[in-house]
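A.B. asks: In terms of numbering that gives the first Met the number 0, the numbers along the sequence shown are unbroken and rise by one, the last being 209.
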Amino acid sequence: MNKNVFIMDHPLIQHKLSILRDEKTGTKQFRELISEIAMLMCYDATRDLPLKNVSVKTPVDIANAKQLDGRKMAIVPILRAGLGMVDGITSLIPSCRIGHIGMYRDPVTHKPVDYYCKLPSDLEDRDVFLLDPMLATGGSAIDAVSRIKEFNPKRIKFMCIIAAPEGLKAFTEAHPDVPVYCAGLDDHLNEHCYIVPGLGDAGDRIFGTK
């Protein structure tokens with residue numbers, strides 16, 4: 000396994016992932032689970048944020064404490080499914096900026112088509128978390144990272160719920176400098192480039208479209 004790939008095997012994540020996969024899980028619960036898993040993943044993906052020492056006056060005395068050392072963050076969901084991960088992360092990092100990258104997969108070529116990009120103006124001062132529930136062929140995530148790199152952010156991390164080996168290989172070869180945080184690594188892609196066993200179309204299940 001690539002040293003820049005982190006498969007999160009925390010019991011709470013794995014428990015929620017099993018319910019997420021179930022075809023009987025409805026839209027409301029699916030949406031909630033995506034958000035909850037993203038929040039749990041964010042907890043670990045931000046483990047290396049720098050801290051500074053501060054003094055805090057408690058009701059009793061002065062405490063020697065720690066706070067984040069001025070690190071600015073931005074989250075960028077890949078539309079539309081990546082939107083499902085936003086609320087979970089902003090519940091932990093409410094001050095982060097939010098950008099959007101719109102891409103869809105051509106049904107014939109299975110290649111990503113870029114149709115929208117709106118990012119914070121000060122991206123060069125920020126750590127960027129790129130979000131997409133599924134890493135299938137890897138095309139959309141690869142192109143999205145390339146687009147973000149044009150703005151020279153401090154760092155980029157990619158977070159997905161489920162990845163296929165083919166997509167993970169393509170992504171890490173294209174962007175070996177970008178860490179990948181993933182809740183589940185599945186078996187393979189089928190002839191339609193869907194992840195197997197996967198969880199179906201994440202966008203359709205988040206937004207209730209079929």
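Each residue gets a CB set at the ideal place from its N, CA and C atoms; glycine is no exception.
Evaluate Leu-130 with the Cβ neighbour count: other Cβ atoms within 10 Å of its Cβ, from every protein chain shown; 16 or more gives buried, anything less gives exposed.
C.D. replies: buried
A.B. asks: Report yes if the C-beta distance between Leu-134 and Gly-101 is below 8 Å; otherwise report no.
C.D. replies: No, they are not a contact pair.
A.B. asks: With DSSP as the reference, identify every bridge partner of Gln-13, one or two as the case may be.
C.D. replies: Gln-13 pairs with nothing; no bridge assigned.
A.B. asks: From what residue to what residue does the beta strand (DSSP E) around Ser-94 run?
C.D. replies: Following the DSSP letters along the chain, one finds Ser-94 in no beta strand (DSSP E), marked with neither H nor E.
A.B. asks: What number of angstroms, rounded off, separates the C-alpha of Asp-186 from the C-alpha of Met-40?
C.D. replies: Straight-line measurement puts the Cα of Met-40 at about 21 Å from the Cα of Asp-186.
A.B. asks: Quick check: the stretch 20-40 against the stretch 52-69, are there 3 or more CB pairs under 8 Å?
C.D. replies: no
A.B. asks: Let's see if you can read the secondary structure: which residues bound the beta strand (DSSP E) around Lys-56?
C.D. replies: Residues 50-56.
A.B. asks: In terms of DSSP beta bridges, what is His-99 paired with?
C.D. replies: In DSSP, His-99 forms a bridge with Lys-117.
A.B. asks: Per DSSP, what are the beta-bridge partners of Leu-188 in this structure?
C.D. replies: Ile-194
A.B. asks: From the DSSP output, in three-state form, read off Gly-207 for me.
C.D. replies: Note: Gly-207 maps to coil in three-state DSSP.
A.B. asks: In chain order, what residues of the same chain have a beta carbon less than 6 Å from the beta carbon of Ala-152, not counting five sequence neighbours either side?
C.D. replies: Note on identity: in this sequence residue 152 is Pro, with Ala being the wrong assignment. For Pro-152, where only same-chain residues beyond five positions count, the Cβ hits under 6 Å are Leu-122, Arg-125, Val-127.
A.B. asks: If Phe-5 sits next to Leu-19, beta carbons under 8 Å apart, how far is it from one beta carbon to the other, in whole angstroms?
C.D. replies: With 8 Å as the limit, Phe-5 and Leu-19 do not qualify as a contact, their Cβ atoms being about 19 Å apart.
A.B. asks: What does the alpha-carbon distance come out to for the pair Thr-24 and Ile-161?
C.D. replies: So the alpha carbons of these two residues sit roughly 17 Å apart.
A.B. asks: Per DSSP, what kind of secondary structure is Gly-166 in: helix, strand or coil?
C.D. replies: helix
A.B. asks: Is it true that the CB of Ile-92 sits closer than 8 Å to the CB of Met-72?
C.D. replies: Judged by their CB atoms, Met-72 and Ile-92 are nearer to each other than the 8 Å cut-off.
A.B. asks: Pull up the distance between the alpha-carbon of Phe-206 and that of Glu-165, whole angstroms please.
C.D. replies: 26 Å
A.B. asks: Under 8 Å, do Ile-141 and Ala-182 count as touching if we go by C-beta distance?
C.D. replies: no
A.B. asks: Just reading off the alpha helix (DSSP H) that Phe-150 is part of, what are its end residues?
C.D. replies: That residue, Phe-150, is in no alpha helix (DSSP H); it is neither H nor E in DSSP.
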